[in-house]
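Chemist: The numbering used here applies: residue 7 is where the sequence shown begins, and numbers increase by one. Each residue gets a CB set at the ideal place from its N, CA and C atoms; glycine is no exception. Here the structure is a predicted model, which is why all the values come from computation and not from measurement.
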Amino acid sequence: MATTSAVFFPDAFLSAMRSAIPDTAGFNDFIAACQRPLRRSLRVNTLKISVADFLIRIAPLGWQLTPIPWCPEGFWVESIDENIAPPGSVAEHLCGLFYIQEASSMLPVSALFSRGNAPQRVMDVAAAPGSKTTQIAANMHNRGAILANELSSSRLKALHANLSRCGVANVALTHFDGRVFGAAAPESFDSILLDAPCSGEGVVRKDPNALRNWSVDSNQSIAETQRELIESAFHALCPGGVLIYSTCTLNMLENQQVCRWLIERYPQAI
Ligand SMILES: C[S@@+](CC[C@H](N)C(=O)[O-])C[C@H]1O[C@@H](n2cnc3c(N)ncnc32)[C@H](O)[C@@H]1O
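#1: Please report the distance separating the alpha-carbon of residue 263 from that of residue 152.
#2: Would you check if the stretch 47–58 and the stretch 103–121 touch, i.e. whether three or more CB-CB distances between them fall below 8 Å?
#3: Taking all protein chains shown into account, decide if residue 228 is buried (16 or more other Cβ within 10 angstroms of its Cβ) or exposed.
#4: Inspect the beta-carbon positions of residue 73 and residue 81 and report whether they are closer than 9 Å.
#5: Using alpha carbons as the reference points, say which of 253, 236 and 196 lies closest to residue 128.
#6: So, for residue 211: in the same chain, excluding its five sequence neighbours on each side, which residues have a beta-carbon less than 6 Å away from its beta-carbon?
#7: Whole angstroms is fine: what's the gap from residue 140's alpha carbon to residue 170's?
#8: Please confirm if the stretch 122–138 is in contact with the stretch 234–241, defined as three or more CB-CB distances below 8 Å between the two stretches.
#9: Could you please give the first and the last residue of the uninterrupted beta strand (DSSP E) stretch that includes residue 245?
#10: What does the alpha-carbon distance come out to for the pair residue 221 and residue 206?
#11: Just to confirm my understanding: we take residue 100, look at its own chain, exclude 5 residues before and 5 after, and list those with CB closer than 8 Å. What are they?
#12: Please classify residue 119: is it buried, with 16 or more other beta-carbons within 10 angstroms of its beta-carbon, or exposed?
#13: Can you tell me the Cα-Cα spacing of residue 243 and residue 194, whole angstroms?
#14: Please classify residue 9: does DSSP put it in a helix, a strand, or coil?
#15: Select from 94, 123, 32 and 218 the residue whose C-alpha is nearest the C-alpha of residue 85.
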């Protein structure tokens with residue numbers, strides 16, 4: 007095992023990443039990036055306030071906001087001095103004017119609504135704690151319908167709390183294993199987000215111990231679940247619909263190979 011700075015990297019993970027990034031400079035950049043603290047970010051909840059009004063309202067708080075290029079409601083946020091209240095502690099957060107969400111986590115929903123896609127029936131297969139469900143609802147202006155599903159009961163409570171705080175009104179919550187929907191609700195949704203459970207390799211910048219229990223065996227077992235989830239989501243999608251698959255992990259087994267597996271299984275349909 008190797009520990010570089012505060013981040014814990016298992017040796018097997020380092021060798022897997024070395025094979026994925028054979029170029030030494032690229033690999034060193036990757037390790038350095040894993041150790042850079044995350045920039046804090048938030049997304050304005052346009053169900054409750056416009057971006058323009060939000061910027062006026064929070065001006066006295068002394069935060070420095072930088073727009074996130076791939077999400078018009080997203081901003082990186084820095085406090086100009088240490089005595090300034092952090093975003094999670096202000097009344098504007100409590101009453102749902104914004105959601106604390108990582109910039110990268112805003113990408114899947116931005117992709118879902120890109121190229122003029124304006125879905126009316128959306129399923130979020132693995133929804134808790136709700137950063138993306140609330141973003142979907144804002145993009146739909148609380149119209150149409152979202153089915154937000156979550157397997158874990160404790161996380162379902164957090165999802166419910168966030169939907170309620172953000173004033174989301176077009177969501178039905180379900181508590182199933184996401185693998186049931188292909189058979190239970192075939193061709194029912196015009197867009198589906200599968201933000202899949204994953205090995206979480208990408209969260210080391212937030213949690214330096216994220217890789218403590220990492221193993222190739224566990225990645226393979228998670229990838230099997232992901233293939234079952236994506237196949238089920240694919241069957242629940244209306245013909246011509248949009249399916250977004252996202253994870254917060256880095257390896258190809260859980261990302262490109264899951265998508266490739268689905269395409270190869272249904273080559274005429276995707
Ligand atoms: C990456 S997290 C989802 C994050 C969420 N989309 C968000 O943006 O706030 C993956 C979620 O999948 C849930 N999950 C795990 N296995 C599942 C399954 N078989 N069916 C549905 N959800 C599952 C986990 O409990 C976890 O909440």
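Modeler: Working from what's here:
#1: Cα atoms of residue 263 and residue 152: separation of roughly 28 Å, rounded to the nearest angstrom.
#2: Judged by Cβ distances under 8 Å, the stretch 103–121 makes contact with the stretch 47–58, as three or more pairs qualify.
#3: Buried, since its Cβ has 16 or more Cβ neighbours within 10 Å.
#4: Pairing residue 73 with residue 81 gives a Cβ-Cβ distance under 9 Å.
#5: For residue 128, the nearest C-alpha among the options comes from 196.
#6: Here the set comprises 44.
#7: Cα to Cα, the separation comes out at about 10 Å.
#8: Between the stretch 122–138 and the stretch 234–241, the count of Cβ pairs shorter than 8 Å is three or higher; the stretches touch.
#9: Residue range 243–252 is occupied by the beta strand (DSSP E) that includes residue 245.
#10: Roughly 12 Å separates the two Cα atoms.
#11: For residue 100, same chain residues with a beta-carbon under 8 Å away, outside a window of 5 residues either side, are 171 in chain order.
#12: Here residue 119 is buried, its C-beta having at least 16 other C-beta atoms within 10 Å.
#13: Those two C-alpha atoms are separated by around 6 Å.
#14: Bear in mind that the predicted position of residue 9 carries a pLDDT of just 43, short of 50, making it too unreliable to give a figure here.
#15: Residue 85 has its Cα closest to that of 94, out of 94, 123, 32 and 218.
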